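Please read the structure below before turning to the comments.
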Amino acid sequence: MRNRRPVIAAVLTAATMVSAAALAVVALHGRGAPAAGDSAPGGTRMAHLSADAAALAPPAKPAFTVATPRPLRLSSRVSMWAPVILPTVARARPRAHAHIVARISTRTPEGTTNILLALGVRRDAMHRLWVHVRLPILPTNTTGWVRRTALGGYRFVRTRLVVDLHALEATLYQGRKALFHAPVGVGAIGTATPVGRFYIRDRLTRYASPFYGPIAFGTSARSPVLTDWPAGGYIGIHGTNEPKLIPGRISHGCIRLRNADIRRLATLMPIGTPVAIESGR
Amino acid sequence: MNERPSILDGLDPEGRVRESLLETLGIGRTELLLAALAGAATWTAGHASHAAGAGLTENDTRILRFDLQLEYLQATMYTQALRLGHLRPAVRDAARVVGAHEWAHAHALKTILGRRAVPPGFFDYHGVTEDERAFLRTAVAFEDLTAALLKYQAIRLDSRAVLAAAISLHSVEARHAAWLRRIAGVLPTLTAFDRPASQAKMRDLILSTHFVAEDPTTGARRAPGFTG
């Protein structure tokens, strides 16, 4: 390597000198000798070009402009969900023969599209894609792996709902910012609201049942006590016809809000929002 | 039934692709007619209410609506790939910039279309966004085709003002294509003259990918069965 350096330097010097000489020749030729057939002096030619430029039609003002955007930044406080498009099974590990944790249908008991909160993705040894999901089953906080092909496209949400069973309050966050805060009614002794991590599955409206108020959100949470409840014992977040009981420990496990509060929450909380129900102690 | 015009309405306004799809799926003509009537009512209502708007001609509106759908499709793909694709630094850097550009384009188009803008829609990339190679191939194809599409549309625009804006997008899309091609190990340019790609061809291509999915039904009008 050391012996090559003088050679490389000599070659570079020679190349630089040749280039400089060539540029000098081109410059002299361009200044003193017009090309064959070109009788116009350089100054006149430029005048023509200037006149052409000035005679152009006036420019149209663009109908819209695009501001220079900043490169996309990915917040870690974003959650992802996907609809179940094929009946499938959730397995304990991302492997074809792993233990089956749950059977997953494409519909919820409410007749809406079943959705799963996605926690991550991984490929198996056969290069098949698996999605780690939170499952709407008992025991609470169960997760599993489903094949990507059983799920539809992902959706992202920036919100998360925190329910504090001790303070009897619900708070909706976007990032660290609290968007909504309200008192709640929660499960009474014997039918306590389950503590854990869940998500919003669907939203029911325009039904004729004052007991549930004007709007009811379905969650992935299930009562560990009322397992033989007709629709599976799922926990909802809904309004009420007894607002005076809020806040309090009054329900069969559902989270009740005053009707004005559930209406406001419905404008802020999209489907797929993760729900953390905390004991608060 | 969705209460707003579906993204498919813009891509397939005459419903030819949808009809052949439904026939393939074995859905009868009665169901198709009922669905079409319901869908057409919503779609027509949407269009009628937007007939007088920002001074765009119907022709320019059709072109810009299509472009907005395409921008949403691409922007969402970049966002998802960044979240899921485990991208190499070079790919990630490009996706962050190009994705931001596509969102900015979508925002600008949405603004000029006003109430005539189509909603973002629901996309299923069928694993493309979780796989860097598949993502890169798809991104190159979309950027190439978008540049070709804008070339096709530019000479069909009524408004010089819209044309002035559209060509400012066109060169950016071409740069995106060259950048991603270079990362993918493909020559940034092959020909001295590019050919345009028609809107119909682009629509067929998008539909063939099945990236455009129907919104899941996450709402219902029925009494809850929750524990209460």
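Just so you know, the protein sequences line up as chains A and B, in that order.
Heads up, the first sequence is in the numbering used here, so the first residue is 412 and it goes up one at a time.
Heads up, the second sequence is in the numbering used here, so the first residue is 34 and it goes up one at a time.
We treat Cβ as the ideally placed atom computed from N, Cα and C, and that holds for glycine.
Being a predicted model, the structure only gives us computed values, none of them experimental.
Thinking C-alpha only, which one of the options is nearest residue i?
{"i": "P480(A)", "options": "D227(B), H140(B), P153(B) and L238(B)", "result": "H140(B)"}
{"i": "G132(B)", "options": "A197(B), H209(B), R255(B) and I188(B)", "result": "H209(B)"}
{"i": "F226(B)", "options": "Q113(B), R236(B) and K184(B)", "result": "K184(B)"}
{"i": "M110(B)", "options": "Q232(B), A199(B) and T171(B)", "result": "T171(B)"}
{"i": "C665(A)", "options": "S620(A), A466(A) and A599(A)", "result": "A599(A)"}
{"i": "I200(B)", "options": "T179(B), W212(B) and T90(B)", "result": "T179(B)"}
{"i": "L528(A)", "options": "M491(A), T602(A), L540(A) and H649(A)", "result": "M491(A)"}
{"i": "F628(A)", "options": "G650(A), S634(A) and R608(A)", "result": "G650(A)"}
{"i": "W541(A)", "options": "T524(A), A561(A), A687(A) and I526(A)", "result": "A561(A)"}
{"i": "L579(A)", "options": "A603(A), W556(A), A462(A) and R558(A)", "result": "A603(A)"}
{"i": "L546(A)", "options": "N525(A), L576(A) and G596(A)", "result": "N525(A)"}
{"i": "W556(A)", "options": "G596(A), A503(A), A465(A) and P621(A)", "result": "A503(A)"}
{"i": "T162(B)", "options": "A687(A), T517(A), Y565(A) and E521(A)", "result": "Y565(A)"}
{"i": "S631(A)", "options": "T260(B), A127(B), P249(B) and D248(B)", "result": "T260(B)"}
{"i": "H538(A)", "options": "P505(A), V544(A) and G522(A)", "result": "P505(A)"}
{"i": "P368(A)", "options": "M457(A), A536(A), H663(A) and A493(A)", "result": "Nothing can be reported for residue 368(A), as the shown portion of chain A is limited to 412 through 692."}
{"i": "E521(A)", "options": "I646(A), G659(A) and R660(A)", "result": "I646(A)"}
{"i": "A128(B)", "options": "T224(B), R236(B), L213(B) and D237(B)", "result": "L213(B)"}
{"i": "G531(A)", "options": "S487(A), R692(A), T455(A) and P635(A)", "result": "S487(A)"}
{"i": "E104(B)", "options": "L142(B), L238(B) and R166(B)", "result": "L142(B)"}
If you measure from the beta carbon of residue i to each beta carbon in chain A, is any gap under 8 Å?
{"i": "T251(B)", "result": "yes"}
{"i": "P257(B)", "result": "yes"}
{"i": "W212(B)", "result": "no"}
{"i": "A197(B)", "result": "yes"}
{"i": "D100(B)", "result": "no"}
{"i": "S201(B)", "result": "yes"}
{"i": "T171(B)", "result": "no"}
{"i": "T77(B)", "result": "Residue confidence is low: T77(B) scores 33 on pLDDT, short of 50, so the model does not pin down where it sits. No coordinate-derived value is stated."}
{"i": "A133(B)", "result": "yes"}
{"i": "A68(B)", "result": "Legend: pLDDT at A68(B) = 36, less than 50; position of this residue unreliable, value from coordinates given subsequently. For A68(B), the answer is no, since every Cβ of chain A falls outside 8 Å of its Cβ."}
{"i": "I239(B)", "result": "no"}
Between which residues of its own chain and residue i is the CB-CB distance below 6 Å, once the five residues before and five after are set aside?
{"i": "D177(B)", "result": "A210"}
{"i": "R669(A)", "result": "P654 and I657"}
{"i": "A217(B)", "result": "L169 and V173"}
{"i": "F567(A)", "result": "V489 and M491"}
{"i": "G624(A)", "result": "H649, G650, T651, N670 and I673"}
{"i": "T616(A)", "result": "I626"}
{"i": "G563(A)", "result": "A493, P494 and I496"}
{"i": "A123(B)", "result": "I216"}
Name, please, each residue of chain D whose Cβ falls closer than 9 Å to the Cβ of residue i.
{"i": "V686(A)", "result": "The structure shown has no chain D; the protein chains it does contain are A and B."}
Taking 8 Å as the CB-CB cut-off, is residue i touching chain B?
{"i": "F622(A)", "result": "yes"}
{"i": "H649(A)", "result": "yes"}
{"i": "S634(A)", "result": "yes"}
{"i": "K703(A)", "result": "Nothing can be reported for residue 703(A): it is not among the residues displayed for chain A, which extend from 412 to 692."}
{"i": "G629(A)", "result": "yes"}
{"i": "P625(A)", "result": "no"}
{"i": "W640(A)", "result": "yes"}
{"i": "E521(A)", "result": "yes"}
{"i": "H663(A)", "result": "yes"}
{"i": "R504(A)", "result": "no"}
{"i": "A507(A)", "result": "no"}
{"i": "F609(A)", "result": "no"}
{"i": "R559(A)", "result": "yes"}
{"i": "G596(A)", "result": "no"}
{"i": "R614(A)", "result": "yes"}
{"i": "I515(A)", "result": "no"}
{"i": "P654(A)", "result": "no"}
{"i": "A619(A)", "result": "yes"}
{"i": "V477(A)", "result": "yes"}
{"i": "G659(A)", "result": "no"}
Under 7 Å Cβ to Cβ from residue i, same chain only, skipping five residues before and after it: list those, please.
{"i": "Y158(B)", "result": "M110, Q113 and F244"}
{"i": "G72(B)", "result": "For G72(B), the predicted structure reports a pLDDT of 34, less than 50, and the residue's modelled location is therefore unreliable. A value from the coordinates is still provided. Correct list: empty, nothing qualifies."}
{"i": "A230(B)", "result": "L178, A181, L182 and Y185"}
{"i": "V314(B)", "result": "In the structure displayed, chain B extends from 34 to 261; residue 314(B) sits before or after that span and is not available."}
{"i": "R660(A)", "result": "V597, G598, A599 and I600"}
{"i": "A246(B)", "result": "F155, F156 and D157"}
Can you list, in chain order, the residues of its chain whose CB lies under 8 Å from that of residue i, leaving out five sequence neighbours each side?
{"i": "L590(A)", "result": "T570, L583, Y584 and L679"}
{"i": "D164(B)", "result": "G118"}
Exercise for the section: Report yes or no: do the region 250-257 of chain B and the region 116-124 of chain B share at least 3 C-beta pairs separated by less than 8 Å? Expected result: Touching, no.
Problem - Sequence ranges, alpha helix (DSSP H) only - wholly within the region 218-251 of chain B, length at least 4 - result: DSSP runs (the alpha helix (DSSP H)) wholly in the region 218-251 of chain B: 232-242.
Exercise for the section: Check whether the region 579-593 of chain A touches the region 493-511 of chain A, counting contact only when three or more Cβ pairs, one atom from each stretch, lie closer than 8 Å. Expected result: No, the region 579-593 of chain A does not touch the region 493-511 of chain A.
Exercise for the section: Indicate whether the contact test is met: 3 or more Cβ pairs, each with one atom in the region 608-615 of chain A and one in the region 673-690 of chain A, closer than 8 Å. Expected result: A contact between stretches requires three or more CB pairs, one per stretch, nearer than 8 Å, and the region 608-615 of chain A meets this requirement with the region 673-690 of chain A.
Problem - contact_flag[the region 660-679 of chain A, the region 564-583 of chain A] where n(CB pairs < 8 Å) is 3 or more - result: Yes, the region 660-679 of chain A is in contact with the region 564-583 of chain A.
Practice task
Report yes or no: do three or more beta-carbon pairs, one from the region 544-554 of chain A and one from the region 89-103 of chain B, lie closer than 8 Å?
Solution key: Too few Cβ pairs lie closer than 8 Å, so no.
Handout entry: Three-pair Cβ contact test at 8 Å for the region 188-207 of chain B versus the region 467-483 of chain A
Key = Yes, they touch.
Exercise for the section: Could you pull out every unbroken alpha helix (DSSP H) segment of at least 4 residues lying fully inside the region 626-673 of chain A, listed in chain order? Expected result: Runs found: none.
Practice task
Just list the beta strand (DSSP E) runs in the region 468-541 of chain A, keeping only unbroken ones of 3 residues or longer that don't cross its boundaries, in chain order.
Solution key: Within the region 468-541 of chain A, the complete beta strand (DSSP E) runs of at least 3 residues are 490-494, 499-502, 511-515 and 526-534.
Handout entry: Segments of 3+ residues assigned as beta strand (DSSP E) that fall wholly inside the region 147-175 of chain B
Key = The qualifying runs do not exist here; there are none.
Practice task
Enumerate, from N- to C-terminal direction, the unbroken alpha helix (DSSP H) stretches of 4 or more residues contained entirely within the region 181-217 of chain B.
Solution key: The qualifying runs are 193-217.
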